[in-house]
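Working notes for the structure below.
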Amino acid sequence: MKVIFIGAGPGAADLITLRGARALAEADIVLYAGSLVSKDMLVHCRSEAELFDTSGMNLNEQIAQYARAKQHGLLVARLHSGDPAIYGAISEQMRALEDLDIPYEVVPGVSSFTASAAVLKVSLTRPEVSQTIIITRNEGRASCIPEGESIAALASHQATMAIFLSGASLQNTVEELLLSYPGDTPAALVCKASWPQEKTYSATLSTLLSGVFSEDWRLSTMLLVGEALASEPGLASRLYSPEYSHRFRKAVPNG
Ligand SMILES: C[S@@+](CC[C@H](N)C(=O)[O-])C[C@H]1O[C@@H](n2cnc3c(N)ncnc32)[C@H](O)[C@@H]1O
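Per our numbering, numbering of the sequence shown is gapless, rising by one per residue and ending at 276.
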């Protein structure tokens with residue numbers, strides 16, 4: 022018996038890992054965060070599996086299912102959206118499992134920030150533009166932001182930023198970003214990447230808000246910002262340049 026935390030990916034049923042899908046196919050009990058995990062993902066489950074949507078359950082109710090599974094020797098799959106390590110609230114579950122002496126493992130998933138970059142067909146890093154991605158979020162009622170990690174403070178690096186849970190306070194977020202980034206910095210919103218309802222909006226930081234009705238972007242929205250998102254080619258990485266040698270390939274003189 023064990024509990025397997027599985028990254029469900031951003032939404033599409035085929036964006037879960039093979040390992041995650043195999044674990045789902047074996048599980049007797051499946052707990053999934055119904056507010057963010059697409060029901061399509063449940064096609065990977067056995068038809069006899071017991072399914073629980075955790076969006077209406079508190080931590081104790083979830084732990085009670087783990088304890089019941091231990092009693093009966095059942096395999097539990099716990100599905101989290103994207104990758105479980107990012108804003109997944111898994112540590113409190115892990116501590117409770119340790120207290121109950123229940124073994125667990127984690128299967129990573131495709132996070133929504135990389136899924137959003139894929140939808141936009143952009144690279145989040147570019148040589149001499151940005152080689153750093155700052156993953157952050159807006160403050161929520163359940164999660165305070167530590168001092169020094171305000172959007173304005175992080176924006177001062179002018180790196181690429183992937184801002185989770187940004188939909189509810191888009192206006193404030195953009196205002197804080199504009200304290201450090203130039204107004205013509207590329208910015209994009211991606212809502213429900215890989216879901217049938219997926220939508221995107223690309224603009225610059227200073228024009229982003231005038232082009233959207235914020236209410237339409239409240240939930241499941243990723244805000245990506247940074248010069249690396251610009252469509253002009255700029256400097257390319259030397260990695261595949263014919264003149265560049267490395268451990269696995271010799272440079273070709275004159276390309
Ligand atoms: C509680 S966090 C979970 C993040 C998740 N663990 C991950 O790695 O993507 C929820 C936030 O992730 C982002 N998100 C989740 N799924 C998304 C999707 N399909 N498209 C865009 N953003 C998404 C949104 O910012 C949403 O408010």
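Note that CB positions come from ideal geometry on N, CA and C, so glycine has one too.
Predicted, not measured: the structure shown is a model, and the values here were computed from it.
Check: According to DSSP, what are the bridge partners of GLU69?; Outcome: In DSSP, GLU69 forms no bridge with anything.
Check: Starting from PHE185, follow the alpha helix (DSSP H) in both directions and report where the run begins and ends.; Outcome: Careful: PHE185 lies outside any alpha helix (DSSP H), inside the beta strand (DSSP E) at 181 to 185.
Check: Report back the beta-carbon spacing between ASN159 and THR194 to the nearest angstrom; my notes put them in contact at under 8 Å.; Outcome: 6 Å
Check: For the alpha helix (DSSP H) containing MET243, name the first residue and the last one.; Outcome: Where MET243 is concerned, there is no enclosing alpha helix (DSSP H), although the beta strand (DSSP E) it sits in stretches over 242 to 246.
Check: Give me the residue from GLY94, LYS220 and GLY247 with the minimum Cα distance to PRO203.; Outcome: GLY247
Check: Any contact of the stretch 45 to 57 with the stretch 135 to 145, i.e. 3+ C-beta pairs under 8 Å?; Outcome: no
Check: Do the stretch 154 to 173 and the stretch 202 to 218 touch if we need at least three Cβ pairs shorter than 8 Å?; Outcome: no
Check: Taking all protein chains shown into account, do 16 or more other C-beta atoms lie within 10 angstroms of the C-beta of GLU236, making it buried, or fewer, making it exposed?; Outcome: exposed
Check: Tell me whether GLU126 sits in a helix, a strand or coil according to DSSP, three-state version.; Outcome: strand
Check: Taking 8 Å as the cut-off, is the CB of MET115 close to at least one heavy atom of ligand 1?; Outcome: no
Check: Sort out for me which residues DSSP pairs VAL97 with in a bridge.; Outcome: VAL24 and ILE50
Check: So is PRO217 buried or exposed if we call it buried at 16+ other beta carbons inside 10 Å?; Outcome: exposed
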